[in-house]
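The sequence shown begins at 5 in my numbering and counts up by one. Here a beta-carbon is modelled for each residue, glycine too, at the ideal position from N, C-alpha and C. Since this is a predicted model, take the numbers as computed values, not measurements. Notes follow once the structure below has been shown.
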Amino acid sequence: MNQYRNEDQYRAKIILAPMVRVGTLPMRLLALDYGADLVYCEILTELVSQLSVPVTCKIRVLPQLEDTLKLAKLIESTGVSALAVHGRTKTERSRDPNRDHYIKAIAEALEIPVIANGGSRTIKDLSDIEQFRKSTGAASIMVARAAEWNCSVFRKEGPLPYTDVMRSYLTYAFKYDNNEINTKYCVLQILHDKMTEAPEADRCLAAKSLQDFANIWELDEDYQNTLLRRREREKALLLRAGGDYAGVKRKKTNDGLTCFELPVRFDKRLYSSTMTPKQILNNWSKNGKLGKPIYKTEERATDRCFHSSVQLGDKIYTNPYWEKSKQLSEQSAAICCLVVNGQDDSRLAEPENESEQLRRKWRVAVMSPSFENREKQNDEKNDHNSCLPNESVPDSIASANNMEGQSNCQPKNEDTCNSNCMEKSETMAAHMIENSNVIKNSPC
Ligand SMILES: Cc1cc2nc3c(=O)[nH]c(=O)nc-3n(C[C@H](O)[C@H](O)[C@H](O)COP(=O)(O)O)c2cc1C
């Protein structure tokens with residue numbers, strides 16, 4: 005028997021169904037909190053990356069029962085561990101009745117566990133889920149829309165009011181810095197049949213940021229604390245990874261160009277929407293006849309995060325972070341270019357972990373002639389085992405790198421952990437200008 009089939013883990017289970025847009029991290033965690041046994045998304049992802057995991061399959065039924073049974077048996081013969089069946093055909097919509105009797109016939113015909121799906125219209129709580137299980141004779145039940153509307157449908161003690169679910173959902177969204185568009189989509193789904201009566205509905209429709217949702221649902225304190233904790237962790241990471249100069253690099257590319265890297269990050273709350281770093285860089289380079297900034301972005305296949313650099317003349321500017329959107333990453337590259345060239349990027353506020361004073365230090369450091377050699381030496385003697393464990397990784401970095409529970413030691417550019425051991429002589433230029441005794445030895 006195939007050691008990876010492990011069919012038992014698909015029997016007697018209640019599963020959050022795959023849902024594009026909805027099945028992102030906060031909703032998956034919330035479903036697990038409320039008692040769902042499995043959340044679906046990882047399974048297919050793992051199938052693609054490695055086959056040493058149980059493989060399951062989900063289908064819709066075909067118009068004829070006989071054809072559906074043939075298809076189900078064919079799929080079973082491929083060795084999958086379980087088969088999920090949504091009891092509607094490809095052309096049927098959610099308002100059409102679910103063909104529970106097709107699922108029942110499949111469950112009777114197959115040896116592997118069959119997971120019934122499509123019953124959300126009749127599901128309000130755990131007893132409805134049990135009823136759906138009985139009527140289909142399935143081994144397990146998979147729930148999509150009922151969980152999207154009220155994720156506490158999985159709770160043994162009964163579902164919670166939508167306001168409680170909303171607040172718990174948002175707490176996760178804040179913690180994992182979930183993107184605004186996806187958060188808004190899920191918030192509106194939780195409100196779906198309450199749009200006319202919920203006093204928060206209009207403000208949710210108009211909301212543009214996580215901060216807006218925090219205001220609407222009176223979670224300001226929670227949101228501020230989350231941001232504060234994230235900053236604290238970032239600071240601790242920076243300190244361990246090389247103090248003020250962690251993430252600051254200057255190196256030669258294969259084409260012989262000089263590449264500057266600073267730990268700068270575009271936070272749109274810090275900029276006016278009419279004057280972004282990219283616009284400022286465009287204006288500055290145009291007025292100074294420095295040529296046009298050329299952006300290059302790579303997309304990482306594993307988590308579809310982006311990393312950009314911008315070339316201006318014969319210099320390249322970048323940062324060490326992977327972002328959830330190309331725009332964000334390009335803006336960060338533009339900030340790096342402006343900072344290295346001593347240009348003001350018109351920030352409306354100065355976060356402590358990226359103060360103007362710190363930016364000046366970085367600029368001086370990357371301009372120091374010995375900085376490039378420092379990088380080479382450090383790359384050679386870099387001991388990754390001295391990197392921080394993941395619990396110390398800032399949320400934003402951990403989520404961007406999709407590396408929960410992994411070591412923070414990633415190949416180049418994937419974190420700020422490529423040791424930044426700052427030697428005394430090499431900080432001389434920074435010293436002279438800053439007139440302070442900042443010599444930070446990294447833990448390496
Ligand atoms: C927002 C949303 C996104 C969905 N995305 C997927 C998907 O990516 N893959 C998939 O197989 N089914 C997807 N589905 C279908 C559900 O997994 C499920 O089969 C369907 O909603 C019927 O189950 P239900 O009655 O419990 O909602 C999606 C459904 C919704 C509502």
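Requested in this report: Excluding the 5 residues preceding and the 5 following residue 282 in the sequence, name in chain order all residues of the same chain whose CB lies nearer than 7 Å to its CB.
Outcome: The answer, listed in chain order, is 334, 335 and 338.
Query raised in the report: With respect to the alpha helix (DSSP H) encompassing residue 194, which residues constitute its N-terminal and C-terminal limits?
Result: Its alpha helix (DSSP H) spans residues 184-194.
Query raised in the report: Can you check whether the CB of residue 266 is closer than 8 Å to the CB of residue 366?
Result: Going by C-beta atoms, residue 366 is nearer than 8 Å to residue 266.
Report task. From the DSSP output, read off the bridge partner residues of residue 146. Result -> Within the DSSP secondary-structure output, residue 146 pairs in a beta bridge with 19 and 121.
Query raised in the report: Looking at C-alpha atoms only, which residue of 350, 176 and 68 is the closest neighbour of residue 288?
Result: For residue 288, the nearest C-alpha among the options comes from 350.
Query raised in the report: Based on Cα-Cα distance, which residue from 166, 190 and 322 lies nearest to residue 203?
Result: That would be 166, whose Cα lies nearest to the Cα of residue 203.
**Report entry** Check: residue 196 C-beta below 7 Å from any heavy atom of ligand 1
**Finding:** Not so, every heavy atom of ligand 1 lies at least 7 Å from the Cβ.
Requested in this report: Measure the C-alpha to C-alpha separation of residue 135 and residue 340 and round it to an integer number of angstroms.
Outcome: Cα to Cα, residue 135 sits roughly 58 Å from residue 340.
Query raised in the report: Quick one, which of 347, 256 and 112 has its alpha-carbon nearest residue 292's?
Result: With distances taken between Cα atoms, residue 292 lies closest to 347.
Query raised in the report: Between 15, 371, 244 and 238, which lies nearest to residue 356 when the distance is taken from Cα to Cα?
Result: Looking at 15, 371, 244 and 238, the one whose alpha-carbon comes closest to that of residue 356 is 238.
Query - Residues of its chain near residue 310, where Cβ-Cβ distance is below 6 Å and the 5 sequence neighbours each way are ignored - result: So the qualifying residues of the chain are 301, 303, 327, 330 and 333.
Query raised in the report: What three-state label does DSSP hand residue 222 in the structure shown?
Result: It is coil, neither helix nor strand.
Report task. Check whether the Cβ of residue 121 lies closer than 7 Å to any heavy atom of ligand 1, and answer yes or no. Result -> Residue 121: yes, Cβ under 7 Å from ligand 1.
Query raised in the report: Helix, strand or coil: how does DSSP classify residue 88 here?
Result: The answer is strand: DSSP assigns residue 88 an E or B state.
Requested in this report: For residue 196, count neighbouring C-beta atoms within 10 Å of its own C-beta (all shown protein chains included) and say buried if the count is 16 or more, exposed if not.
Outcome: Burial call: exposed.
Query - Local conformation of residue 106 per DSSP, three classes - result: Three-state DSSP puts residue 106 in a helix.
Requested in this report: Counting only the same chain and skipping the five closest in sequence on each side, list residues whose C-beta sits under 6 Å from that of residue 40.
Outcome: If the five residues before and after residue 40 are omitted, its C-beta is found closer than 6 Å to the C-beta atoms of 18, 20 and 158, all from its own chain and listed in chain order.
Query raised in the report: Thinking C-alpha only, which one of 123, 343, 27 and 91 is nearest residue 72?
Result: Taking only the C-alpha atoms, the option nearest residue 72 is 91.
Query raised in the report: What separation, rounded to the nearest whole angstrom, lies between the Cα atoms of residue 128 and residue 172?
Result: Rounded to the nearest angstrom, the two C-alpha atoms are 19 Å apart.
Report task. Have a look at residue 206 and residue 192 and give me their C-alpha separation to the nearest angstrom. Result -> For the pair residue 206 and residue 192, the Cα-to-Cα distance works out to about 10 Å.
Query raised in the report: Is residue 303 near ligand 1, judged by its Cβ being under 7 Å from some heavy atom?
Result: No, the beta carbon of residue 303 sits no closer than 7 Å to any heavy atom of ligand 1.
Query raised in the report: Out of curiosity, what's the CA-to-CA distance linking residue 313 and residue 14?
Result: When only Cα atoms are considered, residue 313 and residue 14 end up about 45 Å apart.
Query - Assigned exposure category for residue 409 - 16 Cβ within 10 Å defines buried - result: Low confidence applies here, because residue 409 scores a pLDDT of 26, under 50, leaving its location unreliable; read the following figure in that light. Per the 10 Å Cβ criterion, exposed.
Query raised in the report: In its own chain, which residues sit with a C-beta less than 6 Å from the C-beta of residue 218, not counting the 5 before and 5 after it?
Result: Correct list, in chain order: 224 and 227.
Report task. Assign residue 118 to buried or exposed, taking buried as 16 or more other Cβ atoms, counted over all protein chains shown, within 10 Å of its Cβ. Result -> Looking at its Cβ environment, which holds 16 or more other Cβ atoms inside 10 Å, residue 118 is buried.
**Report entry** Helix, strand or coil at residue 303 [DSSP, three-state]
**Finding:** Strand at residue 303.
Requested in this report: Could you tell me the distance, in whole angstroms, from the CA atom of residue 163 to the CA atom of residue 154?
Outcome: CA-CA distance, residue 163 to residue 154, rounds to 8 Å.
Report task. Measure the alpha-carbon distance for residue 253 versus residue 111 and round it to whole angstroms. Result -> Each residue's Cα considered, the two are about 60 Å apart.
Report task. Using 10 angstroms around the beta-carbon of residue 78, count the other beta-carbons present and answer buried if the total reaches 16, otherwise exposed. Result -> Its Cβ having fewer than 16 others within 10 Å, residue 78 is exposed.
Query - Same chain only: Cβ atoms within 6 Å of residue 28, ignoring 5 sequence neighbours per side - result: Contacts found: 186.
Query raised in the report: Are the beta-carbon atoms of residue 64 and residue 108 separated by less than 8 Å?
Result: In terms of Cβ geometry, residue 64 and residue 108 do not form a close pair [threshold 8 Å].
Query raised in the report: What three-state label does DSSP hand residue 309 in the structure shown?
Result: Looking at residue 309 - three-state DSSP - the assignment turns out to be coil, as it is neither helix nor strand.
**Report entry** Residues near residue 210 by beta carbon distance below 7 Å, same chain, minus five either side
**Finding:** Nothing meets the Cβ criterion.
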